[in-house]
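Contents: one structure, followed by commentary.
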Amino acid sequence: MTAQPANLGSAIESVVRDAVADVGFDLESLEEVRIGQRWLIRVIVDSDAGVGLDDIAAVSRAVSLALDQRDELMAGPYTLEVTSPGVDRPLTHPRHWRRNRLRLVRAALVAGGELIGRIGDCDDDGVTLLASGALRRVRYTELSRAVVEVEFRHPPATELAALDGASRQDWEER
């Protein structure tokens, strides 16, 4: 497997990013890989409202049309794969934290150790976590890695209430 030349990859990224934005989504990741005679273009998208199957289809149509209109970018046939981020995706941008408000997160600290807590308010600098029964403000620069934990039960109402009066209904709408 070989990757596209750097300058061609950035041109493809620009076209894909614009097509994704035109249908209302954020481009989270783009990968171009040569497999035999074909290119695999893997696109990962997300939005504040989440991503459903109809959304994936709309993004796929938009990206395919945009790439087809720029034949010079693709040397030969390609396969387009569009998906949403998996549950194990690290939270690396403030928007990731915002989209996962009220969910449980496991976060490794730069200084060592880890926090497990429920995500509260987020801004561009950091996040409020409800960890061990107390609210704690953490700057993103203090975190080395954070991943949402899969939960099989509703969180306790007391935890949701501690995060600015968030209700069980707010959590269920996530």
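Last residue of the sequence shown: 183 in the working numbering, with the numbers rising by one and none dropped.
Where a beta carbon is used, it is the ideal one built from N, C-alpha and C, also for glycine.
None of these values were measured; they are calculated from a predicted model.
> So valine 29 packs on valine 72, CB below 8 Å; how close in whole Å?
Replying inline: The residue you call residue 29 lines up with position 20 of the sequence shown. The residue you call residue 72 lines up with position 63 of the sequence shown. With a Cβ gap of about 7 Å, valine 29 and valine 72 count as contacting.
>> Assuming valine 91 and glutamate 158 are in contact, meaning their beta carbons sit under 8 Å apart, how far apart are those beta carbons, in whole angstroms?
In response: The sequence position of residue 91 within the sequence shown is 82, counting from 1. The sequence position of residue 158 within the sequence shown is 149, counting from 1. That belief does not hold up - the Cβ atoms of valine 91 and glutamate 158 are roughly 26 Å apart, past 8 Å.
> From alanine 120 to proline 86, what distance separates their C-alpha atoms?
Replying inline: Within the sequence shown, the letter at position 111 stands for residue 120. Within the sequence shown, the letter at position 77 stands for residue 86. The straight-line gap from Cα to Cα measures roughly 48 Å.
> Quick one: what does DSSP say aspartate 64 is sitting in, helix, strand or coil?
Replying inline: Position 55 of the sequence shown, counted from the start, is the residue given in the question as residue 64. Helix, per DSSP.
> Is DSSP giving arginine 51 helix, strand or coil here?
Replying inline: Position 42 of the sequence shown holds residue 51. Strand at arginine 51.
> From aspartate 132 to aspartate 55, what distance separates their C-alpha atoms?
Replying inline: If you number the sequence shown from 1, residue 132 lands on position 123. If you number the sequence shown from 1, residue 55 lands on position 46. If you take the alpha carbons of aspartate 132 and aspartate 55, they lie about 18 Å apart.
> Around the Cβ of arginine 127, are there at least 16 other Cβ atoms within 10 angstroms (buried) or fewer (exposed)?
Replying inline: The residue given as residue 127 occupies position 118 in the sequence shown. Burial of arginine 127 is indicated by the presence of at least 16 other C-beta atoms within 10 angstroms of its C-beta.
>> Could you tell me the alpha carbon to alpha carbon distance between arginine 47 and glutamate 40, rounded to whole angstroms?
In response: Working through the sequence shown from its first residue, we reach residue 47 at position 38. Working through the sequence shown from its first residue, we reach residue 40 at position 31. Answer to the nearest angstrom: the Cα atoms are 14 Å apart.
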